[in-house]
Every structure is written in structure tokens, then in C-alpha cells.
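Below is one structure; the comments refer to it alone.
Protein chains: 2
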Amino acid sequence: MSAIRGARERARIEVTAAIKDEARKQLAAEGAAKLSLRAVARELGMASSALYRYFPSRDELLTALIVDAYDSVGESAEAAHRAARADAAPHITRWTVVAHAVRDWALAHPHEYALIYGSPVPGYSAPQATIGPASRVGLVLIAVVGEAYRTDGLALPPLADELRAEAGRMVAEFAPDLPQEVVAPLIAAWSQLFGLISFEIFGQFNRVVEAREVFFREAVTELARTLGLLGPRSSRRG
Amino acid sequence: MSAIRGARERARIEVTAAIKDEARKQLAAEGAAKLSLRAVARELGMASSALYRYFPSRDELLTALIVDAYDSVGESAEAAHRAARADAAPHITRWTVVAHAVRDWALAHPHEYALIYGSPVPGYSAPQATIGPASRVGLVLIAVVGEAYRTDGLALPPLADELRAEAGRMVAEFAPDLPQEVVAPLIAAWSQLFGLISFEIFGQFNRVVEAREVFFREAVTELARTLGLLGPRSSRRG
DNA sequence: TAAAAGCAAGAGCAGTGCTCTCGTTGTTGG
DNA sequence: CCAACAACGAGAGCACTGCTCTTGCTTTTA
């Protein structure tokens, strides 16, 4: 792809990586609010002003960390999906496995999770560079449901009239292999999955949910049902 | 309850309110990260050091704003619930009306929403003072489902064995009027409701969901179904 | 009415993001 | 080969932050 041209370019790559590593370390230790350029420079033994040769601002550094975090959680989801596919696991299992992979990543990297799925901290709109990596988890979920649809079909109610136009646009834009009835429920399930994880990570479940693992598993299974990955449930009036 | 004893106490109450008002103004304008004690003091025409007589630290000021925000969104949800009850609206409508009230509040106060449902910004665990106000929205949802259960019953599948102990604890702890089958789904629906809202507020739906209102309504209705507020849906394999 | 407590203001400390300048050091075209 | 150039690191400095301490003043209390 791109050959390294000389000592200078090589050094630049290494220093950039070292800055990001140290910044990630401080992010994991103290959170995004406490991340300080001067502290990073201090830890690396360089003047703080020198750091601006590599990142033009603190927000740019944070954006780089955001991109890396999106890639990290996306890679986790993709790896879980690959493994489940290699095992020829049923589609419902692929769904829960991917969901658990995202949750496990969040539990292992709470501050990085907060950076990407918590309050947006830099400018109001996400920089262009983040939108690619940000969609990786979503694409995995689309793939899981798409494969289930193609092999087993989906047990879904018909599409509501009010959602017809929106569903058509969604299918055309980022899910061409999916039937229209499932796109809106899938996007909803996507956001609801992160709702479950965010409430756990951000402490909203403190004193509310104790058995978090089994609670999450049941909720995620129910989410799969709304996508037609399982048959309709039996229910009774009580 | 507590009578105001003199001019000094009266002044203290007024100044405290003025500080919070100005802080809320800056919060709404720029977000929690940019909220500065010195700027608040400047705007109020007082020395920054004087402000510490009223709030011992910036985090304490933020905590006060957090409590107010929880109360504000809680009051919105309660008002919506009261109105729907006064109209003798069906339970499914009460559910969606409360959900929309929370969403409307979030859209009107995005920075305050981020403060309470985004990344926790002060210390890691929420101060004791916040846990009461923080549960108001949840209590409204519990009330909606409880009333539906008592009048119409709920169309729910039996409780999974793995959740038996957890559901029993939850019922005993904060939902004594609810049947055990609905507590876990209700907590899940609670977090998923905020997942939907957070993704919209935090920009995760940019370039993904366009018809946000109708999308939200459909998703919230589907959530109600997982709580047995509607009959089981008709579905077909496609 | 005198002591005590609450209060506002100013100076100051340590820290931050960021800019500018000034030597130094690699890169590169003539 | 070496001169011009671009990239680089370091230091000083600006404007800002949260927070503390001291110094006077005012209100409350004994």
C-alpha cells in the first residue's frame, strides 16, 4: 500500500501511536473529561507544544480515540459473528452471541464505551471520519438478520402503513438484502440493545438489576423475537 | 415546614437559585463540559470565590443540576400519566403517551438529557441525593403497567426459570403490585425506551432514521407488546 | 452591645488548551 | 555535495479553569 519513506516518516508513525496509546491509557484510567494533553506529553517525556505537531487539538485526539473505539467494538462484534458462523450456529444464537460480544466489550472498556455511546463530547455533529467505523456493529446485526431471512425466513407482522416510505428508504440506503418489514424493527432493536448496555455501564441498573448477565440474555432473546428470529411466543392472560 | 428566618436566609435561597438558573442557561447553551463556575460568577456580577459559599465544588453544582433534571423529566412523565388517566385513556395509550412525554422532554433539553442519561461526568457512582429523583420516570412506567395488570391483565409468557429469583427480588424491592412475569420485561423496556431516545439525541440516528416521530411511536408500541399491554401479534413466515 | 457566624472580594496557586518563536535536524532538488 | 526547505522539539507566554486563603464587612445570636 504505502511504503515508509524514511526515518522521519517512521518516527512520526511511532510517535503518533505512542501518543494514542498513552491517551487511551489515561482515558481508561480517568475518563474522557480528565484526559489532558499536557499529561500525555509529560508521560511521554516531550514538551506539550510538540504534541500539536501530531494532533492539531485535543478534540482531534479524542476523535482519533473515538474512531479506534468504534473499530474495536466493531471488530469484537464481527469476530463473534465469524465464530458463530463457523460453528454453523442457529441464527438466534448468532444474534445473542453478537449482543454479548458488544456487552462484554463495553464492560471491559467502560470509558471508551462512554466516549462513543455516551454524551457526544467534542463538537455537536460527529466528524465525517467516524461514520464508517461507527456503523460496523450495525452492519453485523444487519448481516445476522439478513442471513436468517435468507435461510429460515422471518416471523414478522406486516409493515405498518406509516412506516412504508421510511422502510423503503432504509432498505435502499443500507440494507438492500433485507425485507422491508424488518428494517425498522432492526434499527429499533439496535438502539435498544445499546440502551440495555448503557444503563448497565452508566449505573442506571444500580440497586435495580442484580443478575445482569441472565437479565441481559433474556432481554436480548426477546429482542430477537421482535425481529422474527424466533416463532411467536405463547402467552396467556393473567 | 421551614420558615425563612431572616434576610440572610432569604438572600441565600435567592442567590442559590440564581446560580442554578445561570448554570442551567450555560448548560443548555454549551453543554456540561463547557460549564464554568467563573463564567457563572461573572454573569452574576460576583467574585468567583463567593460562589463557593453556595456550592462547595463544580461537581456539587452539577449534581444539583442533575437532580433538577431528573425532577423535570420525572414531572413531565407524571403529568402525561395524570392527563391520560384523567381522559380514561386505554392502558396502551397511557404507555405511549408517557414515552412520548419523555422523548419530547429530551428533545427540548438535550444537554440536560445528556447530563443524566449520557456518560456520568462527576464521580463514578451517582450521589445519594440523585437516586430518588432518578427513579421517578421508572415509577410512572411501573404504575402504568400495574394499573393495566389490575384492570385488564397482561398477555405474557411464563417467567423463565433463570429469572425467578431476580424477579422475586425486584417485585419485593420496588414493584410490589406487579406480577413476577412482568418485572424483568418492564425493566428491559425501560432501558430500551431510553436507548431509542439516546440514539436520537446523541446523533446515532443521523443518516439512519429520518421519520423519527413515527419510528419512535412504532417502536414504543412494540415495547408495549413485550409487556403484554396488547394481545400477541399476528405474524407470518416470509 | 459584644461575640460569633456568614458573607463578598481579591490575590494567588496549580493546572489546562493553545500559539508563537527559535534553534535543530532530517529531506530533497539543483 | 550542499544549499534550500520543510518538519520538528522545546520554551515562553496568553487566557482560561477550579479552588484556597486571607482580609475586611455585615448580619445574626447570646
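Here the protein sequences line up with chains G and V, keeping their order.
Counting in this note's numbering, the first sequence tops out at residue 1363, every number present.
Counting in this note's numbering, the second sequence tops out at residue 1363, every number present.
The C-beta atom is built at its ideal place from N, Cα and C for all residues, glycine as well.
Simplified DSSP state of residue i, which is helix, strand or coil
i              : result
residue 1280/V : strand
residue 1295/G : helix
residue 1216/V : helix
residue 1235/G : helix
residue 1272/V : helix
residue 1224/G : helix
residue 1242/G : helix
residue 1126/V : The pLDDT assigned to residue 1126/V is 41, lower than 50, so where the model puts this residue is not dependable, and the model offers no usable value.
residue 1192/V : helix
residue 1199/V : helix
residue 1263/V : helix
residue 1179/G : coil
residue 1334/G : coil
residue 1320/V : helix
residue 1341/V : helix
residue 1290/G : helix
residue 1258/G : helix
residue 1285/V : coil
residue 1300/G : coil
residue 1310/V : helix
residue 1253/G : helix
residue 1145/G : helix
residue 1160/G : coil
residue 1066/G : Here chain G covers residues 1126 to 1363 and nothing more, so residue 1066/G does not appear.
residue 1172/V : coil
residue 1329/V : coil
residue 1355/V : coil
Proximity to residue i [Cα-Cα], best of the options
i              : options                           : result
residue 1328/G : 1303/V, 1244/V, 1286/V and 1136/V : 1244/V
residue 1136/G : 1179/G, 1230/G and 1334/G         : 1179/G
residue 1305/G : 1253/G, 1286/G, 1143/G and 1315/G : 1286/G
residue 1302/G : 1322/G, 1264/G, 1165/G and 1325/G : 1264/G
residue 1261/V : 1324/V, 1210/V, 1200/V and 1293/V : 1200/V
residue 1146/V : 1259/V, 1240/V and 1190/V         : 1190/V
residue 1284/G : 1229/G, 1277/G and 1293/G         : 1293/G
residue 1323/G : 1253/G, 1228/G, 1258/G and 1277/G : 1228/G
residue 1326/G : 1251/V, 1231/V, 1211/V and 1149/V : 1251/V
residue 1188/V : 1168/V, 1149/V, 1167/V and 1208/V : 1149/V
residue 1242/V : 1278/V, 1276/V and 1198/V         : 1198/V
residue 1256/V : 1319/G, 1330/G and 1192/G         : 1330/G
residue 1277/V : 1314/V, 1299/V, 1215/V and 1183/V : 1215/V
Environment of residue i [buried if 16+ CB atoms lie within 10 Å]
i              : result
residue 1317/V : buried
residue 1393/V : Chain V is shown from 1126 up to 1363; residue 1393/V falls before or after that span and cannot be answered.
residue 1273/V : buried
residue 1219/G : buried
residue 1213/V : exposed
residue 1258/G : buried
residue 1231/V : buried
residue 1138/V : exposed
residue 1172/G : exposed
residue 1332/V : exposed
residue 1126/V : For residue 1126/V, the predicted structure reports a pLDDT of 41, less than 50, and the residue's modelled location is therefore unreliable. A value from the coordinates is still provided. Looking at its Cβ environment, which holds fewer than 16 other Cβ atoms inside 10 Å, residue 1126/V is exposed.
residue 1239/G : buried
residue 1350/G : buried
residue 1132/V : exposed
residue 1297/G : exposed
For residue j and residue i, believed in contact at Cβ under 8 Å, the rounded distance
i              : j              : result
residue 1352/G : residue 1308/G : The pair is not a contact, with the Cβ atoms about 10 Å apart (cut-off 8 Å).
residue 1340/G : residue 1291/V : 6 Å
residue 1310/G : residue 1185/V : Actually they do not touch by this definition, with Cβ atoms about 43 Å apart.
residue 1160/G : residue 1151/G : 5 Å
residue 1355/V : residue 1217/V : 6 Å
residue 1175/V : residue 1166/V : 7 Å
residue 1192/V : residue 1143/V : Not really, about 17 Å apart at Cβ, beyond 8 Å.
The ligand SAM heavy atom lying under 7 Å from the CB of residue i
i              : result
residue 1224/V : The ligand SAM is not among the ligands present in this structure, which contains no ligands whatsoever.
- prompt: Touch check for the stretch 1269-1288 of chain V and the stretch 1213-1230 of chain V: three-plus C-beta pairs under 8 Å?
  reply: yes
query: Any contact of the stretch 1229-1241 of chain G with the stretch 1146-1157 of chain G, i.e. 3+ C-beta pairs under 8 Å?
result: yes
query: Are three or more beta carbon pairs between the stretch 1194-1207 of chain V and the stretch 1319-1337 of chain V nearer than 8 Å?
result: no
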